[in-house]
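J.: Please see the structure below; I have some questions.
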Amino acid sequence: MTRQAFRGAIFHLLGDPDQGPAAAVVYEDGGLIVEDGHIAEVGSFIDIQPQINGAPLQRVTDGFIVPGFIDCHVHFPQVDMLASPGTHLLHWLSAYAFPAESRFAHEDVAAETARFFLDQLFANGTTTALVFATAHKVSAEALFAEAFQRNMRLVTGKVLMDVNAPAGISDTAETGYMESRALIRDWHGKGRLGYAVTPRFALTSSERQLELAGRLLHEHPGIKLHTHLSENHEELEAVHKLYPDCPDYFAVYEKFGLATPQSVFAHCLHLSPSEWARLGKAGSGIAFCPTSNLFLGSGLFHLAAAEAAGGRVGLASDVGAGTSLSLLATMNEAYKVGQLRRHRTSAFKLFYMATLGAARALRLDDKIGNFTPGKEADFLVLDAKALPLLARRWSRATTIEEKLFALAILGDDRAVAETYVAGRRVHKRDK
Ligand code: GUN
Ligand code: ZN
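When we follow numbering that gives the first Met the number 0, the leftmost residue of the sequence shown carries the number 0, and every step to the right adds one.
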């Protein structure tokens with residue numbers, strides 16, 4: 000049994016801060032005890048001190064210990080083409096995303112990119128992600144293998160895409176089904192890994208492929224469904240033409256049994272009241288991707304509408320349409336989207352959507368998202384020192400909320416001093 004103790008300021012959330020002030024918990028002089036990669040104790044240092052029992056104690060004198068960030072939607076093969084200016088989603092996909100993804104037929108490309116991508120996630124304080132690979136089986140295998148080696152909680156899957164896409168990045172309904180099944184058998188539940196059946200979106204899968212995606216979900220309880228929903232107006236029109244029998248976009252996924260509590264839909268920008276109500280009722284997760292939605296000019300996410308429908312919302316980078324892997328940078332843009340929607344988002348809420356809220360969106364909140372004893376010890380040390388502007392603002396902040404807000408608006412990977420996965424340090428910022 001290994002036991003470690005940490006002493007410093009600690010912040011985490013026990014619930015949605017909009018539901019009541021008790022959700023946000025701060026220990027100015029806090030203690031965290033980690034046992035075999037899990038949280039054993041959290042509280043005021045004075046209270047947990049008797050439980051340390053000689054375990055090595057690390058002091059965090061600057062900054063905060065917070066739960067690891069959770070990115071609810073990101074494409075690892077797109078790290079080579081982010082910052083590519085498309086006119087809108089469908090043009091951007093065919094001009095940049097699809098060509099970049101074609102390289103992932105090669106195992107060595109997939110393996111090298113997986114290493115780079117996970118290094119970057121850790122440097123940005125992201126300890127769990129729900130990730131799009133490409134349609135190539137080897138791309139998902141490479142990411143699973145790399146995450147497994149790092150003992151990281153990660154969910155991914157090979158993309159299903161059998162129509163309206165170039166041959167080099169397409170599968171067929173049958174090969175997509177068979178390869179997904181093989182990947183589920185080999186990787187789902189191994190270490191901290193999980194599988195997500197990943198039809199790219201309604202435009203790039205035939206009815207047969209979506210039907211088989213539904214079958215995969217049915218045959219493997221516990222796996223996830225990960226796709227895009229209602230991001231762009233041209234996309235909506237094309238979906239309507241392709242599925243004239245469906246009253247709206249969400250109905251396409253409903254038709255094939257893909258609207259489940261284990262499903263996560265990225266974007267959800269242009270949903271009708273009926274779609275919001277059905278999505279909320281389905282209990283699916285929603286990935287809010289502000290940097291991507293602004294970059295591609297796709298639209299402004301309506302957090303209030305999502306929450307009124309009972310939607311579970313987590314933040315997501317959506318790189319490469321998103322412009323940063325930092326969930327702090329993502330909070331910054333999420334706040335601005337809220338301003339344009341006349342919806343003020345608190346600092347606590349921004350952190351909630353990157354930690355416990357995201358864990359709830361992915362239905363992983365029994366394992367990660369905060370420091371409830373028994374959960375996995377994924378956490379960060381956030382510290383303002385490496386950013387002079389933030390450090391100056393931070394030194395004048397008097398409340399925890401002010402400090403967290405400054406971090407969300409001014410912070411990026413430089414504010415991540417250390418990252419821990421299952422109690423093991425996996426990143427330390429260069430001095
Ligand atoms: N819709 C279908 N594929 C994609 C993608 O790769 N990125 C984004 N942002 N939207 C999509
Ligand atoms: Zn995406």
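C-beta: ideal position from N, C-alpha, C; glycine also. Predicted, not measured: the structure shown is a model, and the values here were computed from it.
What are the residues that DSSP puts in a beta bridge with Leu-224?
T.: Val-196 and Ser-262, per the DSSP bridge assignment.
J.: Within its chain, find whatever has a CB closer than 7 Å to the CB of Phe-200; leave out the 5 residues flanking it on each side and keep chain order.
T.: Within the same chain, Phe-200 has close Cβ partners Thr-226 and His-227.
J.: Provide the residue span of the alpha helix (DSSP H) that contains Phe-116, from first to last.
T.: First-last of the alpha helix (DSSP H) with Phe-116: 106-122.
J.: Closest to Ala-141 by C-alpha separation, out of Glu-375, Gln-119 and Leu-182, would be which residue?
T.: For the residues Glu-375, Gln-119 and Leu-182, the minimum Cα distance to Ala-141 belongs to Leu-182.
J.: Using 10 angstroms around the beta-carbon of His-499, count the other beta-carbons present and answer buried if the total reaches 16, otherwise exposed.
T.: Since the first residue of the chain shown is 0 and the last is 430, residue 499 is not available in this structure.
J.: From Phe-63 to Ile-9, what does the alpha carbon distance come to, in whole angstroms?
T.: Roughly 5 Å between the two C-alpha positions.
J.: From what residue to what residue does the alpha helix (DSSP H) around Ser-229 run?
T.: Looking at the DSSP string, Ser-229 is not in any alpha helix (DSSP H), and its letter there is neither H nor E.
J.: Name the one or two DSSP bridge partners that Pro-66 has.
T.: Answer is Phe-378.
J.: Count the other CB atoms within 10 Å of the CB of Asn-52; is the residue buried (16 or more) or exposed (fewer)?
T.: Exposed, by the Cβ-count rule.
J.: Express the C-alpha separation of Gln-119 and Ala-416 in angstroms, rounding to a whole number.
T.: Ala-416 and Gln-119: Cα-Cα distance of roughly 13 Å.
J.: With a cut-off of 8 Å, do at least 3 Cβ pairs link the segment 120-131 to the segment 153-164?
T.: Short answer: they touch.
J.: Check the Cβ-Cβ distances between Gly-53 and every residue of chain C, and say whether any is below 8 Å.
T.: Given the protein chain composition of this structure (a single chain), no chain C is represented.
J.: Does at least one heavy atom of the ligand GUN sit under 7 Å from the Cβ of Glu-332?
T.: No, the Cβ of Glu-332 stays beyond 7 Å of every heavy atom of the ligand GUN.
J.: Going by CA-CA distance only, name the one from Val-238, Ala-172 and Ala-146 that's closest to Tyr-194.
T.: Among Val-238, Ala-172 and Ala-146, the Cα nearest to that of Tyr-194 is on Ala-146.
J.: So which residues put a beta carbon under 6 Å from any heavy atom of the ligand GUN, going in chain order?
T.: Taken from the N-terminal end onward, the list reads His-74, Leu-88, Leu-92, Ala-96, Arg-199, Phe-200, His-227, Glu-230, Ser-291, Asp-317 and Ala-320.
J.: Check whether the segment 171-180 touches the segment 204-212, counting contact only when three or more Cβ pairs, one atom from each stretch, lie closer than 8 Å.
T.: Yes, the segment 171-180 touches the segment 204-212.
J.: Grab the span of the alpha helix (DSSP H) containing Ile-47 for me, first residue to last.
T.: That run of the alpha helix (DSSP H) goes 44-47.
J.: Quick check on Lys-402: buried or exposed, where buried means 16 or more other Cβ atoms within 10 Å of its Cβ?
T.: When all chains shown are included, Lys-402 counts as buried.
J.: Would you call the segment 16-24 and the segment 332-348 in contact, with 3 or more CB pairs under 8 Å?
T.: A contact exists between the segment 16-24 and the segment 332-348.
J.: Tell me whether Thr-329 sits in a helix, a strand or coil according to DSSP, three-state version.
T.: Note: Thr-329 maps to helix in three-state DSSP.
J.: Please state whether the Cβ-Cβ distance between Leu-386 and Ala-414 is less than 8 Å.
T.: Yes.
J.: Taking its Cβ as the centre, do 16 or more other Cβ atoms sit within 10 Å of Leu-339, making it buried, or is it exposed?
T.: Leu-339 should be labelled exposed.
J.: Can you tell me the Cα-Cα spacing of Leu-299 and Leu-270, whole angstroms?
T.: Their Cα atoms are separated by approximately 11 Å.
J.: When the Cα atoms are used, what is the spatial distance from His-232 to Trp-91?
T.: If I take the Cα positions, the gap works out to 14 Å.
J.: Please state whether the Cβ-Cβ distance between His-72 and Ala-286 is less than 8 Å.
T.: Cβ distance < 8 Å, so His-72 and Ala-286 count as in contact.
J.: Flag His-187 as yes when its Cβ comes closer than 7 Å to any non-hydrogen atom of the ligand ZN, and as no otherwise.
T.: Every heavy atom of the ligand ZN is 7 Å or more from the Cβ of His-187, so no.
J.: Any idea what DSSP makes of Leu-406, helix, strand or coil?
T.: Looking at Leu-406 - three-state DSSP - the assignment turns out to be helix.
J.: Curious, which full-length alpha helix (DSSP H) runs of at least 4 residues does the segment 275-330 contain?
T.: For the segment 275-330, whole alpha helix (DSSP H) runs of length 4 or above, ordered along the chain, are 289-294 and 302-307.
J.: Looking at His-72 and the ligand ZN, is the gap between the Cβ and the nearest heavy atom below 7 Å?
T.: Checking every heavy atom of the ligand ZN against the Cβ of His-72, one is found closer than 7 Å.
J.: Do Tyr-334 and Pro-16 come within 8 Å of each other at the CB atom, strictly closer than that value?
T.: It is not a contact, given that the beta carbons lie outside the stated cut-off.
J.: My parser needs the alpha helix (DSSP H) runs of 4 or more residues fully inside the segment 4-64; what are they?
T.: Those alpha helix (DSSP H) runs which fall completely within the segment 4-64 and span 4+ residues are 44-47.
J.: Short of 6 Å in beta carbon distance, which residues of its chain neighbour Ala-164, apart from the five on each side in sequence? Order them along the chain.
T.: Closer than 6 Å at the Cβ level, and outside the excluded window around Ala-164, lie Thr-203.
J.: According to DSSP, simplified to helix, strand and coil, what is Ala-346?
T.: Looking at Ala-346 - three-state DSSP - the assignment turns out to be helix.
J.: Note the first and the last residue of the continuous alpha helix (DSSP H) segment covering His-426.
T.: No alpha helix (DSSP H) holds His-426; the beta strand (DSSP E) holding it covers 423-427.
J.: Just the Cα atoms here: how many angstroms apart are Ile-222 and Thr-397?
T.: Taking the straight line joining both Cα atoms gives about 44 Å.
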